[in-house]
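*Asks:* Numbering (our numbering), first residue to last: 247 to 556. Every residue gets a Cβ at the ideal spot worked out from N, C-alpha and C, and that includes glycine.
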Amino acid sequence: MNSTQQKYSVVVPVFNGQDSIEELTTRIIHTFENSEYELNEILLIDDASLDSSWQKIISLKEQHNLIRGIKLRKNFGQHNATCAGILASKSEWIITIDDDIETSPSDILKLIENQKSSNMEVVYGKFKRTNRSPLKKIFKFFYEIVSKLAGGESKVNGSSFRLIKAEVAKSIASRATNFVFLDEAIFWHTSSISFVTVPHYKSMRKQSHYSLKDLFKLGGDVVMYSSQLPLKAIKIFGFISAFIMLCIGVFFIIKHTFFNVPVQGFTALIVTIAFSTGIIIFILGIIGEYLGKLFRNSNNSPVFSIEKEI
247 MNSTQQKYSV VVPVFNGQDS IEELTTRIIH TFENSEYELN EILLIDDASL
297 DSSWQKIISL KEQHNLIRGI KLRKNFGQHN ATCAGILASK SEWIITIDDD
347 IETSPSDILK LIENQKSSNM EVVYGKFKRT NRSPLKKIFK FFYEIVSKLA
397 GGESKVNGSS FRLIKAEVAK SIASRATNFV FLDEAIFWHT SSISFVTVPH
447 YKSMRKQSHY SLKDLFKLGG DVVMYSSQLP LKAIKIFGFI SAFIMLCIGV
497 FFIIKHTFFN VPVQGFTALI VTIAFSTGII IFILGIIGEY LGKLFRNSNN
547 SPVFSIEKEI
């Protein structure tokens, strides 16, 4: 093996993955053994799993020196756990992959070969078709529309299957806040990004990490943290509402002044006050969401906390 050859770390955030991580790690090791590329380490980050994932990681560590395990003190979320693995990694290039084998480990070679040919700092595995439930496909459709409005076409193509130059990945992870969405942060840090199409397989997990409620919350957090779209929407909504109110007011003034038509003031006043109050409360609610998220980011809430490392 050439000592100057690029080395690769594979980071796997694990949550309730006891039934899949052994097969995943075996296939990752086998992929590199049958290639010209050098696997330096596999980092399994246990995000406070409720099953026996940590015991399985300990067992895998005893079988393979390449495996490193990190156990977090509480469930911080997939992207935060990935940041923990990125900061602990010791290679020039970092590959991130989920623990449910929706992506084949053999497709890691597609990422590496694309990077070699394109000389990009980040390569994403992009799914042409997915094996997900109809409800989650609908959510994904609406999420893509919001993402296009908030950040452009390219951000929609992000996925958790990535090859990232360690210098870029560590810069992102070291600056991460309590809420971190890696794909958004990657597009903030570099435009040297390419995509390669890979197959999507049915998850080995019986139940997804994310419920529909979690997915909607994640989508909302991404928009709130990474764009000013809600504030811009409020500004436009406020302007349109004010313009409509002005037109209505002018209409009644003209009727009363030029056509001597009496205006029923009480009803019009109540409707106007109720409508205006609703708009104000809605606007204050969105501004309050922004302030709440700013508070969470400014009070030094940890991105992750490590309990054990092997």
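Straight-line CA distance for Ile277 to Asp429?
*Replies:* Translated into the one-based positions of the sequence shown, residue 277 becomes position 31. Translated into the one-based positions of the sequence shown, residue 429 becomes position 183. Reading the sequence as shown, one finds Thr at residue 277 and not Ile. So the two alpha carbons sit approximately 25 Å from each other.
*Asks:* If you drop the 5 nearest sequence neighbours on each side, which residues of the same chain put their C-beta closer than 6 Å to that of Gly263?
*Replies:* Counted from its first residue, the sequence shown places residue 263 at position 17. Excluding residues within five positions, the ones whose Cβ falls inside 6 Å are Ser299, Asp345.
*Asks:* Determine the direct distance from the alpha carbon of Glu338 to that of Glu279, and round the result to whole angstroms.
*Replies:* Walking along the sequence shown from the start, residue 279 turns up at place 33. Walking along the sequence shown from the start, residue 338 turns up at place 92. So the alpha carbons of these two residues sit roughly 19 Å apart.
*Asks:* Determine the closest residue to Ile552 out of Phe441, Ser522, Leu333, Ser266, with distance taken between C-alpha atoms.
*Replies:* Translated into positions along the sequence shown, residue 552 becomes position 306. Minimum Cα distance to Ile552 is reached at Leu333.
*Asks:* DSSP state of Glu282, grouped into three classes?
*Replies:* Against the sequence shown, residue 282 aligns to sequence position 36. Coil at Glu282, not helix or strand.
*Asks:* Going by DSSP in three states, Ser363 sits in which element: helix, strand or coil?
*Replies:* Here residue 363 refers to the residue found at position 117 when the sequence shown is read from its first residue. Of the three classes helix, strand and coil, the one that applies to Ser363 here is helix, per DSSP.
*Asks:* Which of helix, strand or coil does DSSP assign to Leu290?
*Replies:* Within the sequence shown, the letter at position 44 stands for residue 290. Strand.
*Asks:* What is the residue span of the alpha helix (DSSP H) that Thr328 lies within?
*Replies:* Against the sequence shown, residue 328 aligns to sequence position 82. Counting along the chain, the alpha helix (DSSP H) containing Thr328 begins and ends at 324-334.
*Asks:* Is it buried or exposed, Phe485, if we count other Cβ atoms within 10 angstroms and call 16 or more buried?
*Replies:* The residue you call residue 485 lines up with position 239 of the sequence shown. Exposed, because fewer than 16 other Cβ atoms sit within 10 Å of the Cβ of Phe485.
*Asks:* Between which two residues does the beta strand (DSSP E) harbouring Gly553 extend?
*Replies:* As a first step, residue 553 is located in the sequence shown; it is residue number 307 there, counting from the start. Going by the sequence as given, residue 553 is Glu instead of Gly. From DSSP, the beta strand (DSSP E) with Glu553 extends over 552-555.
*Asks:* According to DSSP, is Gly371 part of a helix, a strand, or is it coil?
*Replies:* Within the sequence shown, the letter at position 125 stands for residue 371. Residue state, collapsed to three classes: strand.
*Asks:* Following the continuous beta strand (DSSP E) through Lys320, name the residue where it begins and the one where it ends.
*Replies:* Looking up residue 320 in the sequence shown gives position 74. Counting along the chain, Lys320 falls outside any beta strand (DSSP E), and DSSP gives it neither H nor E.
*Asks:* Report the residue from Asp297, Ala488, Ile340 whose alpha carbon sits nearest the alpha carbon of Ser417.
*Replies:* Counted from its first residue, the sequence shown places residue 417 at position 171. Of Asp297, Ala488, Ile340, the residue nearest in Cα terms is Ile340.
*Asks:* Using C-beta distances below 6 Å, list every residue in its chain close to Glu367, excluding the 5 sequence neighbours before and after it, in chain order.
*Replies:* Reading the sequence shown from its first residue, position 121 is the one you call residue 367. Closer than 6 Å at the Cβ level, and outside the excluded window around Glu367, lie Lys411, Val414, Thr436, Ser438.
*Asks:* What is the DSSP secondary structure of Val496, counted as helix, strand or coil?
*Replies:* Working through the sequence shown from its first residue, we reach residue 496 at position 250. Of the three classes helix, strand and coil, the one that applies to Val496 here is helix, per DSSP.
*Asks:* Let me check one thing: in DSSP terms, what residues is Phe441 bridge-paired to?
*Replies:* Numbered from 1 along the sequence shown, position 195 holds the residue referred to as residue 441. Paired residue(s): Tyr370.
*Asks:* Locate the alpha helix (DSSP H) running through Leu428, then write down its first and last residues.
*Replies:* To locate residue 428, count along the sequence shown from 1; it is residue 182. Where Leu428 is concerned, the enclosing alpha helix (DSSP H) stretches over 428-435.
*Asks:* Helix, strand or coil: which one does DSSP assign to Lys448?
*Replies:* For this step, residue 448 is matched to residue 202 along the sequence shown. Coil at Lys448, not helix or strand.
*Asks:* Can you tell me the Cα-Cα spacing of His446 and Ser487, whole angstroms?
*Replies:* If you number the sequence shown from 1, residue 446 lands on position 200. If you number the sequence shown from 1, residue 487 lands on position 241. Distance between the alpha carbons of His446 and Ser487: 45 Å.
*Asks:* Going by beta carbon distance, what residues of the same chain come within less than 6 Å of Ile255, once the five residues before and after it are set aside?
*Replies:* Here residue 255 refers to the residue found at position 9 when the sequence shown is read from its first residue. Note on residue identity: the sequence assigns Ser, not Ile, to residue 255. Same-chain partners within the cutoff: Asn286, Glu287, Ser335, Ser337, Ile340.
*Asks:* For the segment 261-275 against the segment 302-322, are there 3 or more C-beta pairs whose distance is under 8 Å?
*Replies:* As far as the Cβ criterion goes, the segment 261-275 touches the segment 302-322, which means the pair count is three or higher.
*Asks:* Would the segment 348-361 and the segment 319-327 be scored as touching if the rule is three or more Cβ pairs under 8 Å?
*Replies:* They do not touch, by the three-pair rule.
*Asks:* Might you give, ordered along the chain, the residues of its own chain that have their beta carbon closer than 7 Å to the beta carbon of Met247, omitting 5 neighbours on each side?
*Replies:* Here residue 247 is taken as the residue at index 1 of the sequence shown, counted from 1. Because Met247 sits at a pLDDT of 49, beneath the cut-off of 50, its placement in the model cannot be relied upon, and the point is left open.
*Asks:* Quick one: what does DSSP say Leu296 is sitting in, helix, strand or coil?
*Replies:* Walking along the sequence shown from the start, residue 296 turns up at place 50. In the structure shown, Leu296 sits in coil (DSSP, three-state: anything other than H, G, I, E or B).
*Asks:* With DSSP run on the structure shown, which of helix, strand or coil describes Gly534?
*Replies:* What you label residue 534 is simply residue 288 of the sequence shown in a count that begins at 1. DSSP places Gly534 in helix when its eight states are reduced to three.
*Asks:* Going by alpha carbons, who is nearest to Ile304 out of Leu296, Ala327, Leu270, Ile316?
*Replies:* As a working note, residue 304 is residue 58 in the sequence shown. The residue with the shortest Cα to Cα distance from Ile304 is Ile316.
*Asks:* Counting only beta-carbon atoms, is Met366 nearer than 7 Å to chain B?
*Replies:* Protein chain content of the structure displayed is limited to a single chain, and chain B is not contained in it.
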